[in-house]
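**Student:** Quick one: the structure is below, questions incoming.
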Amino acid sequence: MSELELSTRDRVVELLNTAAFLPSEKEKIANLAQVQELIIHHDSQLLDSFFEEVAAFQNDRNSDVRKFVVGFIEEACKKDVAMLPRLVPNIQLLLNDEAVAVVKRVIQAVAQLHRATLAWLSSARSTTPEMEQVWLIITTIKNTIITMIDHDNDGVRTQAIKFLEALVLLQTYTEADSVVRDGEFNLDQVPLTLKVARPRKLEEEARMVLNKLLAFQGSIHISSVNLMTCMSSLTIMGRARPQFLGKIINALEILHANLPPTLTKSQVNSVRKHLKIQLLNLLKHPASYDYHENITTVLNDLGITATEVNKSMPSKETIRKRVRRDKPVEGVVESSSKKPRLDKEEKKGKVEEVVEKNSAVDITQRWLVEKLNAETVANLVMVTMLNLPDEMPALFSAGYSPITAAGTAPQIQHVARLIAAQLTAGGVGPGVEQTKDDEVITGYDSDDESKISRLVGGQVQVQEDAIQSGPVLVPAGVAGRTMRLKVKTMKLGEVTKPLFAAGNNKMQLLLLLRLLRCDKLMLFGNASKHRTRILTMLSGSMSSKECEELEDFIVEDPHNCSDLLFSWLYSEYSSDHDFSQINNIFTKALTAGNKKEKSYSDIVNSIVLKVLAKDPTKERDEFLSRLFLECPHVPEDLITSLVRVGSQGAESILVIANILRDTAQWRPLSAKPALKTLSLLATHDHESVRDQVTPILLELCDQESLRDIVTEAAVKYLKYLYLEVPPESLCTHNLGRPHQPSEWTETTVKACLYLYLALLPLNQSLIHDLAQVYVKTVNEAKRSILRLLEGPIRHMGMDSPQLLTLVETCPKGGETLITRIIHILTEKAPPSEALVCRVRELYNRRVSDVRFLIPVLTGLSKKEVIAVLPKLIKLNPHVVKEVFNRLWGVTLDTGASPLTPVDLLVSLHLIESNKCDVKTVIKATGLCFAERSIYTAEVLAFVLQQLMEQPSLPTLFMRTVIQTLTHYPKLLGFIMNILQRLISRQVWKQRKVWEGFIKCCQRAGTQSFTVLLQLPPAQLADVFTSAPDLHTKLISHIATLTENQRAHLPANLLEVIEGHSASEQSCSIPSEPSSAPQEV
73 MSELELSTRD RVVELLNTAA FLPSEKEKIA NLAQVQELII HHDSQLLDSF
123 FEEVAAFQND RNSDVRKFVV GFIEEACKKD VAMLPRLVPN IQLLLNDEAV
173 AVVKRVIQAV AQLHRATLAW LSSARSTTPE MEQVWLIITT IKNTIITMID
223 HDNDGVRTQA IKFLEALVLL QTYTEADSVV RDGEFNLDQV PLTLKVARPR
273 KLEEEARMVL NKLLAFQGSI HISSVNLMTC MSSLTIMGRA RPQFLGKIIN
323 ALEILHANLP PTLTKSQVNS VRKHLKIQLL NLLKHPASYD YHENITTVLN
373 DLGITATEVN KSMPSKETIR KRVRRDKPVE GVVESSSKKP RLDKEEKKGK
423 VEEVVEKNSA VDITQRWLVE KLNAETVANL VMVTMLNLPD EMPALFSAGY
473 SPITAAGTAP QIQHVARLIA AQLTAGGVGP GVEQTKDDEV ITGYDSDDES
523 KISRLVGGQV QVQEDAIQSG PVLVPAGVAG RTMRLKVKTM KLGEVTKPLF
573 AAGNNKMQLL LLLRLLRCDK LMLFGNASKH RTRILTMLSG SMSSKECEEL
623 EDFIVEDPHN CSDLLFSWLY SEYSSDHDFS QINNIFTKAL TAGNKKEKSY
673 SDIVNSIVLK VLAKDPTKER DEFLSRLFLE CPHVPEDLIT SLVRVGSQGA
723 ESILVIANIL RDTAQWRPLS AKPALKTLSL LATHDHESVR DQVTPILLEL
773 CDQESLRDIV TEAAVKYLKY LYLEVPPESL CTHNLGRPHQ PSEWTETTVK
823 ACLYLYLALL PLNQSLIHDL AQVYVKTVNE AKRSILRLLE GPIRHMGMDS
873 PQLLTLVETC PKGGETLITR IIHILTEKAP PSEALVCRVR ELYNRRVSDV
923 RFLIPVLTGL SKKEVIAVLP KLIKLNPHVV KEVFNRLWGV TLDTGASPLT
973 PVDLLVSLHL IESNKCDVKT VIKATGLCFA ERSIYTAEVL AFVLQQLMEQ
1023 PSLPTLFMRT VIQTLTHYPK LLGFIMNILQ RLISRQVWKQ RKVWEGFIKC
1073 CQRAGTQSFT VLLQLPPAQL ADVFTSAPDL HTKLISHIAT LTENQRAHLP
1123 ANLLEVIEGH SASEQSCSIP SEPSSAPQEV
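Written out as structure tokens, the structure reads:
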């Protein structure tokens, strides 16, 4: 035996032994494929030695492996026909496999083995009993496959159709016009002297199979895939065996007229398109010349134009040659030289076959052509219209095409043939009756299946005797037989001795280091894969030092060592949870002093910390992300320890934040610790860190299950404000606060509020927790809450149900918080009706501070604002200014104030002295006069006009008149008119107003003389007493008057003016006895 053959044999043995224990079917098939290549194509002499070992895999659990065995048997038998007796029984067993895929592959292989067996028998000089047994098994398999045309599985039926096609082509003779493939084997090569498989019986069997295939095509329950496959097979048989062309074209015509009713609209279109293609292929064949009329008519119905039909027809020269070839034998039954291989009996049968019988369809068609005249057709149409449905069926509309040659002789022939096909299918008509009569006369057996079984097997009794007398063929690899080559397995226990513990540990460490450093060997084959497997198995017994070595090796190049890392981690995780049998063996074998020192969590934590200690790179970040997502489990302590990256800068924090986000999204069991760590990072002292972490948390809050975890953490940090001092968990170097303060500061308070306030717009019910904390926390925290509250409250809006509920149920001590919230809500928008309603109720029921109403003033009624105005103007001047601004509409973008500027100033004058002192009112009116853009001359004129209409003049009326004159001198005339009206109202009866009247006259100067001259003498004398300057100026003014003008002045006034009888005036000015002197 040569060295090359020995090495190939050893290689085959190794591959077979490896394949027997491989768990993966892909690897097993790959090994068996190498074995097939070696023993069939590389060194075929080894086929006889190893075919049983490969065939034994037909019992494998995986169907793909069994399919491979079928392919191996096919290739082996094609390579060496001597393998047929040994492997054909295996095919017979596999045909009954439970997997449909295996059965389909067996049917494909049997088509080749059937051909190879017949060729083997034909080439043999004599037939041996072993050959007969092979042919008997092939015949049995063939009969089984023929019945599979009615199998439950659609794919099996498709393969059975293709097998029947191959059977017909194999067991029939060719003709001059046959389309023959290269290397095709058929009955032409089978000798007539072959007794095991007689050609005549094989040909009859092929005809019966063809009839079965034609009947299958016409069944009503056939699927569209089987139907198109059947049409393709019939077309191939028609082109290869023209003697069957008439039957095939007839079957396609019947199919065109009677499509299966189970097809959908799209399937009908596909079948019609496929039928069109097959008819065009048949039309191209020269032997279809006799059927051109039938084919053309169907094609026209299918929508093919005459031009397209003419293109597909064979050339005139081809048709002419065929006609010339057929003329010499026309009318001749058989020439002596046509088939010299037929004996006398077979020639007689052949002669009878040449005289072709008319089919039932042809007979019925000729009978119908005579009957189809115009009157008969009209009657048929009228009768059948009664059975038409109300709506056109989808199947008809999809298959209908306009008739272009209606009324012509070919069209009448076509219609007669379609009706004849339907009548024949229904078992009526003259053709059916005549065929039945012929069958009775000739003793024709219509049962094709019984004929097939009789023809295929010959005489059943004879074959049963042959089975008993011939050798029994046993499937290879199933029955026991002596092994041709035994592979001796080495047993380690026989050649080795156990090592001591120290030596064992040292050897294992050296082995580990050598495996880790053999990088060059990793370039060849599957070395890297094998190394990973070995290291994974060793991990069950690794010491702490060995684990450190492996960790350092992985951390050096985490990208290329990722497969090793994950294999190791999964092995450790399986060992910790008792999933791995291999690691259980190692654990039991370890002594008490040499147990595993590192658990799965320790290994993962160590690797992550070592990777984080490296310089930040894109590769490092990608590796960390992959590690957290692909490892079997992320320990909770590892996630919580990631907060230490808070001291490594914003870039590292962003990487860890993204990793934690992915962990929370894709690993539900690790979501809670991941979100808690992210929430802790959101309390970082640096704004850049918070700006990176907070949006990630808000994004995760879109998932309801994650939102609850984040909310829980935010509320936890908020409730830290209950404590007297900040907790240690917030004051760490990792969060930017290395020193813990002894009391709450603005920085520590904000740390507890950042995340909470960011979540507040998303979960508005949290506002109630904030109110509870605000009531009980320290003052510094309260100030910080009030400062940071603006943004979240604006996002919530005043229509928030939670905010309205909080206002309605304001906790005791939280009034300032509620006031601040309402201020924020109404700072740039008018208050809503719901908010005003709740603030009003709270003010009336519990909160007596009028400042509570300031934000919603514009939502109150005019009456309500006037009622609280005395309290409002008693507040700080800055607050009063804000109140007036809201009422004036200065701070609001939209909305109307309940009080106009005129109403406000009038209301200030009408405030009663027992509700508010005069000085406070004077300050309030001063704020109004300071707003020159609001209180213009026109506005003040309206104010004075409304004050004049009051039943009793306000105390500050004349002060306002004087201020108006001071600010707007152009209103002097209007004010003089006011003064004249005051005279009619006896202004001197109100002391303060009278004093203001005199002062106003002093301010008006000469313009007031007209008013003064209208006063009664006593009141004019009082004016001169209070304002002597007016007396002097009036005397001067009188002196300038003419005698005529002086004559119009009353004498008593002139006496007062000129100083006569001034002392005799007995009237005095009445004073208000209850009024104390007040400043005007």
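Mapping of the sequence shown onto the numbering used here: position 76 corresponds to residue 148, and the numbering continues sequentially without gaps. Positions of the beta carbon are idealized from the N, C-alpha and C atoms, including for glycine.
1) When DSSP labels each residue in this structure, what does V84 get in the three-state scheme?
2) Determine whether the beta carbon atoms of A188 and V142 lie at a separation below 8 Å.
3) Please list the segments of the alpha helix (DSSP H) lying wholly inside the region 1062-1095, counting only runs of 4 or more residues, in order along the chain.
4) In the DSSP assignment, find the alpha helix (DSSP H) that holds N103 and state where it starts and stops.
5) Taking buried to mean at least 16 other C-beta atoms within 10 Å of its own C-beta, is S79 buried or exposed?
6) Using the beta-carbon count (16 or more within 10 Å), is F572 buried or exposed?
7) Using CA atoms only, rank isn't needed, just tell me which of V993, P833, A432 is closest to G499.
8) Is it buried or exposed, C590, if we count other Cβ atoms within 10 angstroms and call 16 or more buried?
9) With a cut-off of 8 Å on the beta carbons, I'd call I725 and V761 a contact; round off their distance for me.
10) So, at 6 Å on beta carbons, what are the nonlocal neighbours of T891 in its own chain, with the 5 sequence-adjacent residues on each side left out?
11) In angstroms with no decimal places, state the Cα-to-Cα distance between A1093 and T1104.
12) Classify P942 as helix, strand or coil using the three-state DSSP reduction.
13) Would you say the region 869-880 touches the region 848-860, given that touching needs at least three Cβ pairs under 8 Å?
14) Can you find at least 3 beta carbon pairs, one from the region 224-233 and one from the region 194-203, that sit closer than 8 Å?
15) Please classify V706: does DSSP put it in a helix, a strand, or coil?
16) If you run the structure through DSSP and keep just helix, strand and coil, what is Q385?
17) In whole angstroms, what is the alpha-carbon distance linking P745 and L636?
18) What did DSSP end up calling T390 once you bin it into helix, strand or coil?
19) Which one of F1096, T766, E618, W738 has the shortest CA to CA distance from L750?
20) Where does I292 fall in DSSP's three states?
21) Near T368, what residues of its chain come up, given a Cβ to Cβ distance below 6 Å and the 5 sequence neighbours on each side ignored?
22) Exposed or buried, what is Y826 when buried is set at 16 or more other beta-carbons lying within 10 Å of its beta-carbon?
23) On the DSSP letters alone, give me the boundaries of the alpha helix (DSSP H) that E887 sits inside.
24) Less than 8 Å between the CB atoms is what I'm expecting for V787 and L829, so what's the real figure, rounded?
25) Applying the 10 Å Cβ sphere with the 16-neighbour rule, what's the burial state of H186?
26) Mind checking S1135: buried by the 16 CB within 10 Å criterion, or exposed?
27) Since I believe M303 is in contact with H357 (beta carbons under 8 Å), could you give me their beta-carbon distance rounded to a whole number of angstroms?
28) Looking at the structure shown, is I983 part of a helix, part of a strand, or coil, going by DSSP?
29) By how many angstroms is the C-alpha of L772 removed from the C-alpha of H223?
30) Can you find the residues in the same chain that come closer than 7 Å, C-beta to C-beta, to K420, ignoring five residues on each side of it along the sequence?
31) Whole angstroms are fine: how far does the CA of A128 sit from the CA of L545?
32) Could you name the residues of the same chain whose beta carbon sits closer than 6 Å to that of E247, not counting the 5 residues immediately before and after it, in chain order?
33) If we call anything under 8 Å between Cβ atoms a contact, is V1065 one with V1015?
34) Which two residues bound the contiguous alpha helix (DSSP H) that contains E463?
35) Please name the residue in Q580, A968, S135, P332 whose C-alpha comes closest to that of A168.
36) Identify the continuous alpha helix (DSSP H) that holds I209 and give its terminal residues.
**Tutor:** Concretely, from the data shown:
1) helix
2) no
3) 1063-1076, 1081-1084
4) 97-108
5) exposed
6) exposed
7) A432
8) exposed
9) 5 Å
10) F924
11) 12 Å
12) helix
13) no
14) no
15) coil
16) In the sequence on display, residue 385 carries Met and not Gln. Coil at M385, not helix or strand.
17) 27 Å
18) helix
19) T766
20) coil
21) V381
22) buried
23) 887-898
24) About 12 Å separates the two Cβ atoms, so there is no contact after all.
25) buried
26) Reliability of the predicted coordinates at S1135 is poor, the pLDDT of 40 falling under 50, and no value is obtained from them.
27) Actually they are not in contact, since the Cβ atoms of H357 and M303 sit about 15 Å apart, beyond 8 Å.
28) coil
29) 55 Å
30) Its pLDDT being 36, under 50, K420 is placed unreliably by the model, and nothing is read from it.
31) 16 Å
32) P314
33) no
34) It is not in any alpha helix (DSSP H) - E463 carries neither H nor E in the DSSP assignment.
35) A quick correction: the sequence has Asn, not Ala, at residue 168. Nearest of Q580, A968, S135, P332 to N168, Cα basis: S135.
36) 201-219
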